[in-house]
Structure formats: C-alpha cells, structure tokens
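Student: Below: one structure in structure tokens.
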Ligand code: FES
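Residue numbers (this note's numbering), protein chains in the order written: chain A, 1 to 133; chain B, 10001 to 11007.
So this is what it looks like as structure tokens:
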C-alpha cells in the first residue's frame, strides 16, 4: 500500500484558489505531488458531469476549490458550486462511492500555506481510502 | 514657431522604472523614445535573482515587460545612448542624443551567438559583476532586449573572426557614433543608480579577500543564469559555504564616506539573500546579519523579517563590524565586531557579503547640467515632497532611484506617476504621433486537423533543476496531433518569441502549448506571440509546470517529471479542441470615480481632470483633506496647511471634478469601462445620486491607531504624536516650556503581536516633532525609546540632527518591555539600558506615543462591492506587490495612498498620480476590448427554461423570442465569463468559450 499513488484532480478557480496554488509555489511550500490541477475561471463552472465522469474513469479523489464565501470574483459562483457539491455528495453515496472522495474547500489568493495544508490532508484521506475500484 | 506640443516623450534609462513609464505612455497615446547607456535595457532588476518579500523570480516577472517594450509599436528603444544637449521648452524639446557605435547592425543580427564562439579575447563580465568572463563580442544577458550582440571596441583586437562567422553579415567594424536630434514634448529621467564600491573601506578587504563579495555579486551567484549556474559556491575555489555573514550599511548611513543617507533597500534584500541562500544549500547553511537597525518598513517586510528569524533561522546581530581578516590557509574570514553590550567579539565565516548601498551614477552631474535640473547634496535628483516626480525644470520629470534610494514597487509607482505628469502636460497632442499595430491576417484553421506545437521551459533551473525537461519533451512528441516539441532555457525571452513564430510557420502549427509558469502572468505574452504568427490568440494553452509543479516538489524530481508530463498531456488534450475566439469591443465611459478625498484621492482626481476626464470625488467626511488636516509640517519642514488649502482650491476650481462630501458609496455595479454607482449624500443620507464612470480609484486612506497601552486616555500627560503636532502648531506654545522631560515611545500599536507590520512613518514623525519641540523649548530633555530607528532614505539626516542636538535614543524590545507607572502623581518609566546593562528610570513630564497606522474599517465594505481583496491587516491588496503596485487584479480598478499601506505624503501623491496614469491607459481609449471567454447559447438546444438567467450574477442573460419559442441570449458586454450558467444548463445549450465542456472533459479524461 505504501507506494500507492492516488489519482487526484483539483479544480481551481482562476482568481483565488489557482492564485493560492501559485503562491504556494512562489513560497516553495513542498507538498505531496499526487494531484493535478484543472483551472476554470470560477468554481461555479464545474459541472457535475466532470466529477461523475472522472470517478468513472478511475480518478480516486476530486477536490473542488474556490474563493471564500463572499469573495468570488463573479459574486456568487462559489455558492452555486456549494449547492452542486452538496447534491453531488448525496448522489455519490447512492452510487456507492465514499463521499469523502469529493471535497470542497475555499482558498484565497493569499493562502499559499493553506493550499499546501488542504492538499496534503486531502491526499492523505484518499491514500487511506485506497483505489476507487 | 510651432506652438503645438509634441506628442512624444523621451525616457532616459531602461530599468524597470523607465520600462513602466514607457509602457504607460505608449499605451495611452504617446510615442516613446527609451534610451539607455547600456547595450540592453533591464537595469539592476535584470541582475537580481529574486525579489523581496515574495521571493518572486526577478527575471520571470520582468521578462514579459521587457518583451512588451521590445515589441511595442510606439516605443523606440535606443541602446548605447546618452544625452549631449537640450534646447527648447516644456512641450517642445530638442534633445541631442549620441548613440555609440555598436559595430553590429541591429537589423541584421539574429542574436544566434555563433560569433562569440571563436572570439579570442575575454574580459570581465559586467552583468555578472566581474565574476565571470565574457567575449568582446557579447550580449548582456540571455533575455536581453534588444536581443542583439555588441562589440566592445576597447578590447577588440580586430582579428576579423566574428565577421567571417556571422552568416547574417551583421558585423560592421567601421560603424561610427550617430548623433541624432529627437523632438519630444517631455522628458522622464529614470537613469537609476550604481551600487557603492566598498574598496574605500580597507577594513573589509574587499577586492583583496576573494570570499568577500558585494550583495549584487552575491545576487549573481544565487542566480540560475549567474557564474555558477545557480549553485551557491565561494568565489575563491568554488567550495560550498557553510557560514555566511552579511554586513549592513556598507556605504550607507556613513558621513565619513559622504553617504549620510539610508539606502532603504539593503535590510530587506539582505534578508532575502539570506533566505534564498539557505534554500539553495541542502545541508544547513548558517547565515548571520550584522546590522545597526533593521529597516523593514515596507508592506509585508516586517513579516518577512520575522519569518527569516523564526522559520529560516537567520541570525541577526546588532553590531558594527570593525574589521575582517583572512586566514591564509583556508581563505576563511574572521570578523571582529562590537556587540550591543560593548564587548569585542570575533567569529569565523567562510564567506562575507557586503550589503552595499545605492549611489548616483558618476555622470549625473553632467546630465543635470545639460538638462538644468537640480541635484541634492548627495547628487541624487532634487524633488519636492508635494510634487514628488517633478524636477525644477518644467516638462522634465523624474522617477525611481535617481530621485532617492527606493525599492522596485516604489520605483514602478513613481514611473507611472511621472508618465502621468507627462501625459497631463501633453494631453492636447495625445494620439498625434502613434502608429497602430498591424497584425498579419488571421489564418483560418477551422477546417484543419490540429497541428500542435509544444514549448517546454527550463526557466533557468527553476523548472529544469527539478523536472527532467528533455524527457518531458520526448514524451510530448509522441502525443496525438503534436507535430513539434522543443525545450527552451527561458520560453518567455524575446528570442524564444521569435523562435515560436518561426516554428509556427515552419511546421504549420495551428495550436500552441507552452509548459512553463503560470498563465496568470504569462498567457498574454504568448497569445500575442502566436497572434503575430497569424494564429488567433486563443489557439493557445498553458501548462503550469513551475509554480504548481517544480517549485512545490523540489525534492521529488521523478514525481515532478511524471506530473509535468501529465500536465502537458492534459493541456495538449484541451489544445486539440481549441477554437478561434474574438474579443468583444466595449464602449468606455471616459469618467472616473475616486473614492476618498484625502491627499491621494485629490491628487488622482487632479491629474485625471488635467487630462480632460471628468471625475467624481467622493469623501465620507464633510470636508476634503483626510489625514492631512492633522498634519502641519512635513519632515522637510514644508507647510502642509498651505499646500492642502491650495490643493482643495484647485479641486474646487476645476469644473471637471465633481466633489461629494458627507457621501457614501452604496452600490457599485458594472465592469471596466461601464460602472454605475449609487452614492448617498448628506449627513442623513438625504440624497441618492447615481453616476456612471469607466474606472475606479480606491484612495480610502487609513487612520491613526488609538492606543490602549501606556495609560493612554487615562492620564492627560500621555498623548499621541498627532496630538502633539496639533499642540505644537495650534496651541499656545508656552505649555511646553514646563515640560522639561519628554519621552517618546515608538512602535505603539505597530510591530506587536496584534499588528505585526511596521507603520513606516512614525520614526520620522517622532524625530520631526522632537526637533520642533526643541525649537520651542531648547532646554527640554527628550528621550526616544525605540526598537529600530527607521529613518530611511534622506530622512537619515533628520536622525543625525536629532542626535547632534542631544535627543537621547534608547532601545527597547519585546523581551525587555518598558514599564510605565505613576508614583505620587508622577510618571515613571523603567527601561533597560543595554550599554550600561541596567535599568534606567526616567521621570517624564510628558509622554508621546508614536501610535501606528491602521487600515480604514470601511475597506472591507468597499472591497466587497468592487470584488477586490484586502490583506489580513485590512489594507487593500494590489495585483502584484512588485510590478503592479497601484493596480488591482480586476481590470479598471486602481489603488492609491494609505489604502495600500502606511506611507508618507510624498509617497501617497506619487501613488495617486500613478493610479491616475494607469487609469488613463483605459480612459484614453473610447473602446475597451473585453475577454473572449464568455458564454453563448446554442439556440437549437435551448429549451427556454430560464435557469441560466436566474443564476447569472450580472443579469447578462435575457430572453428573446425566436420562431415562436422563448430562448435565452447572452449580453456580451455584460457577461464576465464565470461559466455558472453553463454548469447549470439542463439541456446543454450553454457553452463557455475557452472552457467548453468538451475541453474540460478532455483534460479530465487525459489524466
Ligand atoms: S471566482 Fe473563485 S469561486 Fe468564483
């Protein structure tokens, strides 16, 4: 189990969480490499289908990140993301997928250290859960 | 004589200041001539490895600007040039410029570098501070602009080898100097500075001991493009150092070498170099900084200092180093120093870095004579606090370090400010001399099969040091539809841009992927490049393999390489599906809203109005003036009251400025070019006004901290500096004759646990007030209790005066707290005196607290309305701490004055003028070109359910009737491209250009 490398997608919004990830880089904050970022302009862009397809294709965990409540560059995209996230969680349970595999976190452009922490924790959870199939 | 002003500006000096000024001018309708005495622009910033306090890679953030300058149609770069004469007046100058022979035809040279391979003569390399050698035919640095070689004729022996090797036929030994007359309306001086030559201090043995280097040499040693390719090695024999000492104030704060000013940047750059050095060395490097005062007074600097101490373990010793001795066998160095307790100590180090100060360039005196501008005692350009970027000569402006030592963001702000002043002068001629950019026609690639080119960046060692770049390139080559892939040392450099264009043409590429840093900074550059090659600029995708890969997995090169491959594969998967897009044109309302009627807000408003733009100036108090209403004299003893009244009068007299006092912003809607704002006016919010404008400048100011410590508010003998100043200038002065002993306590509410930052202005303010007190009451005993005295720049002179006049400075720190008590109605302060090593009791008659600056509490509300960030201290957070000091990430919104961080009057005014100049880059054009990545409706699929319209935060979706069916449609000017509607559309009729479902799914599936 020790050399199990989970497949993880992290969706970042352009304005806060992607900038937070960049800041983590600029600050050289070291973290577990087993994740890949996909950038959208806003967390509100994330379609449920992206997530369901990803799980179907064998992705082990998906982390959605966006601006803190009230900070979304597009006013309220993150609230919409939150609503979809809650619904998705229920759906995942129904499908028999451990809902800890999907997580939503708010990370600001100034929170490089938080980005690092969130990533490391999430990867730890997924590593403990093991491969999805 | 022709009275029409000339719509062109000469910028003298192509460091970061000159570059910024040139870009601002060229982007708002002026022709720019940018001259530099060196063969390439870039100045000192190009030599730096990293920048404080974010440790951003200097070249990474600068390269896009270099390239933008080089390719800007309205900027003419003239290297190797200097001014020889000037005639004419403001609005119409004739400048005589001598361009030194370069012996290379710039039009023919491709920068390929074949010529230098066999050049037999080597000399010390200026760019690497003499730590390496270069050929006599050379280019300054890899990203140099212009990317053209030069022959150093002083050393060339004329053997003719290079001429034979140059296939382009660019070598011209017979080249001669050219003297040209340039006709411009204004001149901006940004010649920069040199660093101090420490040889005059024989005690340090610089120049004799090989392992004693200057901070700029050390910067080159740390740099990936430096003498040791970024490996931290000693110059003597290339050994890895284990113990490095930094000595501060070398050539600063020292009247004996004629440099009685503080160079302002050395403390923070030494901290940076110590941190970076530690990061470089894998096996525990020790770093020690010897200093007099640590002056980390800028935004975020104090935090940086604390992190250096606590996280990185950099050791700080408050001590003067009296001499350095070299041990002849090891070439190690022994430092003798006297610590705070007065004890003489010695310690061995294997390398010493001298933190050298900033000094004016030697030919400034000559330049000032030609231009008839004034220099100060130290040969820096003389300016005045209220007009910080003006020289005494009309039409000639100044910015950056030539106007006094300063860091990069301050230089950039001043540069924009100087550009703004020139724009105001030449407003009537705006647009008269500019050319419009002509791109080649866009090739229609819609019916072609994707042919993708991939460029993978080494970024010096930033990526290449951790990710196996050649392996990534080999991997990429076999991905479907990739027809070309290569690696570059710096993909962002000018020569690589040329290369990308060539490769697009050569391989008929119709999509381009760059794997390098973050699209947040570099996407615009690469898009522009492919557009120049005839591709639609949206046929481009980036993979972030530096910030989000090599930098965060520095100890796992294999995983980092695997990850880089995945990221590029995902980018390629998306690129395959990219389609050409168009940017929507938006009309710009050429008016500005300025929030805050303090000196910053007023200065911005004036500069905009002078250029003919209408301004709405909104102030929440019932009068204009902000903090200036409580300040009477500046540190240079100028009359603030007079200046303030004059400024208010100018505002009132200007018909283009509409002032609202007692006014609050209620709501701001809209976007760049088209804002609509509701303001309630009057004490009782009796009136609501709605205004329309194209840009916003946030100048909300800041407040004095109301102390809760040291019995403030409980005893009338304890007051703040501001209250003291009011008393000095407003009240009868007699009461101070009684106050024999006055104690000032620094850092009240600053640099403590609650507010970690330094308030920057309190040290100078305290000394200013102390000196004024002494004038009234020469017998007063004044004590200033401080942590570090931070009289940066020329304010150091004030500190010297204060000590000369007998003001006593005693240090305290958090470990040895001050104690204040009242005993029988008398005040008593107990402080530990480090030299005497015992507690000292002072019985003051008056205690003055130097209370810090805190952010305006309303900032949060304004920030929310504008969707711009504030930092944890409540100040607004600019788009980029180094290069965009007065911009927000949100287009069309700018920042000025103490809303940004604590600063002096002069600094506020410069920032305000800068913000106005930046705003002008938008206001000066009737059109603004919006993003292209907006939403659109597939009318066939739309079921008219209305879900999207209900969710859209911008009301950008409206309904329309089509063929008897109700369907959604997107208002392109209002859509901001968040994509929320797309994610919620149940029938899949919505799409977002640039982030389509297919594209994102392709990325997901590629993993
Ligand atoms: S922009 Fe970050 S969540 Fe909307």
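Yeah, the Cβ is synthetic: ideal placement off N, Cα and C, and Gly gets one too.
1. Does the structure place the region 10069 to 10083 of chain B close enough to the region 10152 to 10168 of chain B that three or more beta carbon pairs sit under 8 Å?
2. Do you know how far the Cα of residue 10098(B) is from the Cα of residue 10913(B)?
3. I need the straight-line Cα distance from residue 10047(B) to residue 10229(B), nearest angstrom please.
4. Answer with yes or no whether the minimum CB distance from residue 10281(B) to chain A is below 9 Å.
5. Below 6 Å CB to CB, which residues in the same chain sit around residue 10001(B) once its five sequence neighbours on both sides are set aside?
6. Decide if the region 10343 to 10352 of chain B is in contact with the region 10862 to 10870 of chain B; the criterion is three or more beta carbon pairs, one per stretch, under 8 Å apart.
7. Quick one: using the 10 Å Cβ neighbour count with 16 as the cut-off for buried, is residue 10510(B) buried or exposed?
8. Just to check, is the beta-carbon of residue 15(A) closer than 8 Å to a non-hydrogen atom of ligand 1?
9. Within its chain, find whatever has a CB closer than 8 Å to the CB of residue 113(A); leave out the 5 residues flanking it on each side and keep chain order.
10. Examine the Cβ distances between the region 10652 to 10667 of chain B and the region 10605 to 10617 of chain B and report whether three or more of them are shorter than 8 Å.
11. Can you name the start and end residues of the alpha helix (DSSP H) that residue 11008(B) belongs to?
12. If we cut at 9 Å on Cβ distances, does residue 39(A) have a partner in chain B?
13. Give the single residue among 10254(B), 10152(B), 10814(B), 10769(B) whose Cα lies nearest to the Cα of residue 10788(B).
14. Return the first residue and the last residue of the beta strand (DSSP E) that residue 10746(B) is part of.
15. From the DSSP output, which residues share a beta bridge with residue 10515(B)?
16. Can you grab the Cα-Cα spacing for the pair residue 10093(B) / residue 10010(B), in whole Å?
17. Quick one: what's got a C-beta closer than 7 Å to residue 61(A)'s C-beta in the same chain, skipping five residues either side?
18. Which of helix, strand or coil does DSSP assign to residue 10765(B)?
19. Pull the bridge partners of residue 10365(B) from the DSSP assignment, please.
20. How many angstroms separate the CA atom of residue 10935(B) from the CA atom of residue 10474(B)?
21. Out of curiosity, what's the CA-to-CA distance linking residue 10403(B) and residue 10190(B)?
22. Taking residue 110(A) as the query, report the chain B residues whose CB atoms sit under 8 Å from its CB, ordered along the chain.
23. Just to check my reading of the structure: residue 10104(B) and residue 10041(B) have Cβ atoms closer than 8 Å, yes? What is that Cβ distance to the nearest angstrom?
24. Count the CB pairs spanning the region 10454 to 10464 of chain B and the region 10425 to 10435 of chain B that are closer than 8 Å, and state whether there are at least three.
25. Is the CB-CB distance between residue 10336(B) and residue 10344(B) below 9 Å?
26. Could you give the C-beta distance for residue 11008(B) and residue 10185(B), rounded to a whole number, given that I count them as a contact under 8 Å?
27. At 8 Å on the CB atoms, spell out the chain A contacts of residue 10896(B), in chain order.
28. Along the chain, where does the alpha helix (DSSP H) that runs through residue 10083(B) open and close?
29. Straight-line CA distance for residue 10207(B) to residue 10577(B)?
30. If you measure from the CB of residue 10457(B), is any heavy atom of ligand 1 nearer than 8 Å?
31. Just by C-beta distance, which residues in the region 94 to 120 of chain A are closer than 8 Å to chain B?
32. Exposed or buried, which one is residue 1(A) when buried takes at least 16 other CB atoms within 10 Å?
33. Where residue 74(A) and residue 11000(B) are concerned, what is the direct C-alpha to C-alpha distance, given to the nearest angstrom?
34. Return the first residue and the last residue of the alpha helix (DSSP H) that residue 10501(B) is part of.
35. Reducing DSSP to helix, strand and coil, say where residue 1(A) ends up.
36. Could you check whether the region 10792 to 10801 of chain B touches the region 10674 to 10685 of chain B, counting it as contact only if at least three pairs of C-beta atoms, one from each stretch, sit closer than 8 Å?
Tutor: Taking the definition as stated:
1. no
2. 32 Å
3. 13 Å
4. no
5. Residue placement at residue 10001(B) is poorly supported in this model, since its pLDDT is 48, which falls under 50; the coordinates still yield a value, given next. Same-chain partners within the cutoff: there are none.
6. no
7. buried
8. yes
9. 24, 27, 29
10. yes
11. Absent from the model: residue 11008(B). The displayed extent of chain B is 10001 to 11007, so no value can be given.
12. yes
13. 10814(B)
14. 10741 to 10748
15. 10456(B), 10543(B)
16. 10 Å
17. 6, 8, 101, 122, 126
18. helix
19. For residue 10365(B), which the question treats as bridged, DSSP gives no partner whatsoever.
20. 37 Å
21. 8 Å
22. 10869, 10871, 10872, 10877
23. Actually they do not touch by this definition, with Cβ atoms about 17 Å apart.
24. no
25. yes
26. Here chain B has residues from 10001 to 11007 only, and residue 11008(B) is not among them.
27. Ordered by position in chain A, no residue passes the 8 Å Cβ test against residue 10896(B), which lies about 21 Å from the chain.
28. Taken as a continuous stretch (DSSP letters only), residue 10083(B) belongs to no alpha helix (DSSP H), being part of the beta strand (DSSP E) at 10081 to 10089.
29. 60 Å
30. no
31. 108, 109, 110, 116
32. For residue 1(A), the pLDDT reaches just 44, beneath the cut-off of 50, and the residue's location in the model is therefore unreliable, leaving the point undetermined.
33. 20 Å
34. 10494 to 10506
35. With a pLDDT of only 44 at residue 1(A), under the threshold of 50, the placement of this residue in the model should not be trusted; the figure read from the coordinates follows. Reduced to three states, the DSSP call for residue 1(A) is coil.
36. no
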